[in-house]
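Order-wise, the sequence lines are chains Y and V.
Numbering-wise, the first sequence is residues 5 to 117 according to my numbering.
Numbering-wise, the second sequence is residues 16 to 130 according to my numbering.
Even for Gly, the Cβ is constructed at its ideal location relative to N, Cα and C.
The structure appears below as structure tokens.
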Amino acid sequence: AQTVTQSQPEMSVQEAETVTLSCTYDTSENNYYLFWYKQPPSRQMILVIRQEAYKQQNATENRFSVNFQKAAKSFSLKISDSQLGDTAMYFCAHTGTASKLTFGTGTRLQVTL
Amino acid sequence: EPEVTQTPSHQVTQMGQEVILRCVPISNHLYFYWYRQILGQKVEFLVSFYNNEISEKSEIFDDQFSVERPDGSNFTLKIRSTKLEDSAMYFCASRGYRAQNTEAFFGQGTRLTVV
Numbered sequence: 005a006q007t008v009t010q011s012q013p014e015m016s017v018q019e020a021e022t023v024t025l026s027c028t029y030d031t032s033e034n035n036y037y038l039f040w041y042k043q044p045p046s047r048q049m050i051l052v053i054r055q056e057a058y059k060q061q062n063a064t065e066n067r068f069s070v071n072f073q074k075a076a077k078s079f080s081l082k083i084s085d086s087q088l089g090d091t092a093m094y095f096c097a098h099t100g101t102a103s104k105l106t107f108g109t110g111t112r113l114q115v116t117l
Numbered sequence: 016e017p018e019v020t021q022t023p024s025h026q027v028t029q030m031g032q033e034v035i036l037r038c039v040p041i042s043n044h045l046y047f048y049w050y051r052q053i054l055g056q057k058v059e060f061l062v063s064f065y066n067n068e069i070s071e072k073s074e075i076f077d078d079q080f081s082v083e084r085p086d087g088s089n090f091t092l093k094i095r096s097t098k099l100e101d102s103a104m105y106f107c108a109s110r111g112y113r114a115q116n117t118e119a120f121f122g123q124g125t126r127l128t129v130v
């Protein structure tokens with residue numbers, strides 16, 4: 005069974021600073037995908053970034069990047085130049101051959117002035 | 016931009032009543048999902064649906080739950096006899112052909128309150 009662990013229930017960062025959210029996972033599969041989803045107060049789930057396990061290069065999307073360490077089963081999200089609109093819950097998620105998403109418990113990020 | 020649409024946005028129901036949550040997935044998608052999020056907790060998988068049948072379900076998805084795609088566009092989740100603990104946000108999601116490596120698009124959710 006896949007598990008996803010987010011050990012930081014809450015994080016705070018000042019505007020324009022950089023913050024890193026941690027995620028570890030466990031899987032017995034070789035071919036899988038990892039995602040970070042953002043859930044703002046509206047509670048909609050919005051994809052932030054994804055990483056294919058077979059790719060060594062870390063994914064980046066504008067201010068968002070990941071540090072994917074396959075051997076350590078670690079998948080952290082770095083947000084650069086944080087903006088007030090980044091305030092949200094962030095969920096790390098895994099999908100394998102079963103195609104369902106397995107989510108972590110989330111990290112609540114607060115961006116402050 | 017195509018999107019997944021869920022109705023209603025908020026449903027209040029009495030314990031023991033049946034509810035049907037509706038979803039319109041993105042039109043060319045083939046894989047459909049329901050997830051649940053109890054307030055303040057993580058998002059949990061309920062069921063996946065492909066080729067007009069359930070492909071996987073979780074322990075939460077017991078006999079009180081059912082899904083169907085009645086007309087090729089809507090994807091519904093029915094809870095036969097609601098319990099207080101069914102109160103949660105329910106998300107529908109859909110994926111394109113290559114399920115594993117494509118983004119799951121989520122609807123905006125239906126907040127179900129059982130009183």
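Residue closest to Leu36 (chain V), alpha-carbon to alpha-carbon, out of V:Glu100, V:Leu99, V:Arg110, V:Phe80:
V:Phe80
Using a C-beta to C-beta distance shorter than 7 Å, which residues of chain V count as neighbours of Leu51 (chain Y)?
Glu118
Identify whether Glu83 (chain V) lies in helix, strand or coil by the three-state DSSP scheme.
strand
Neighbouring residues, chain V, relative to Ala102 (chain Y) (Cβ below 7 Å)
Glu71
Which partner residues does Arg112 (chain Y) have in the DSSP bridge list?
Y:Glu14, Y:Met93
Report yes if the CB atom of Lys42 (chain Y) is closer than 9 Å to the CB atom of Asp85 (chain Y), and no otherwise.
no
Which same chain residues end up closer than 7 Å to Gln29 (chain V) when comparing Cβ atoms and leaving out the 5 residues on each side of it in sequence?
Val130
Nonlocal neighbours in the same chain, by C-beta distance under 6 Å from Phe47 (chain V), ignoring five residues either side:
Pro40, Phe64, Phe90, Ser109
Beta carbon of Thr111 (chain Y), beta carbon of Met93 (chain Y): below 9 Å?
yes
Just by C-beta distance, which residues in the segment 49-83 of chain V are closer than 7 Å to chain Y?
Lys57, Val58, Phe60, Ser63, Glu71
Curious, which full-length beta strand (DSSP E) runs of at least 3 residues does the segment 44-87 of chain Y contain?
50-56, 68-73, 78-83
Candidates Y:Thr22, Y:Lys104, Y:Asn71, Y:Glu65: closest to Gln114 (chain Y) by CA position:
Y:Thr22
Which residues in the same chain have their Cβ closer than 6 Å to the Cβ of Arg126 (chain V), if we skip the five residues on either side of it in sequence?
His25, Met104
Tell me the DSSP bridge mates of His25 (chain V)?
V:Arg126
If contacts are defined as beta-carbon pairs under 8 Å, then Val8 (chain Y) and Gly100 (chain Y) qualify, I think. What distance do you get, rounded to the angstrom?
11 Å between Cβ atoms; not a contact.
Proximal residues of chain V, C-beta to C-beta of Gln48 (chain Y) below 9 Å
Phe106, Phe121, Gly122, Gln123, Gly124
Which first and last residues belong to the beta strand (DSSP E) in which Val34 (chain V) is found?
34-39
Report the neighbours of Thr109 (chain Y) on chain V: residues whose CB is nearer than 8 Å to its CB, in chain order.
Gln56, Lys57
Measure the CB-CB distance between Leu117 (chain Y) and Leu81 (chain Y) and report whether it falls below 9 Å.
no
Hey, quick one: how far does the beta strand (DSSP E) through Val23 (chain Y) stretch, first residue to last?
23-25
Using the three-state DSSP reduction, which class does Glu18 (chain V) fall into: helix, strand or coil?
coil
What does a CB cutoff of less than 6 Å around Glu59 (chain V) pick up in its chain, not counting 5 residues either side in sequence?
Arg51
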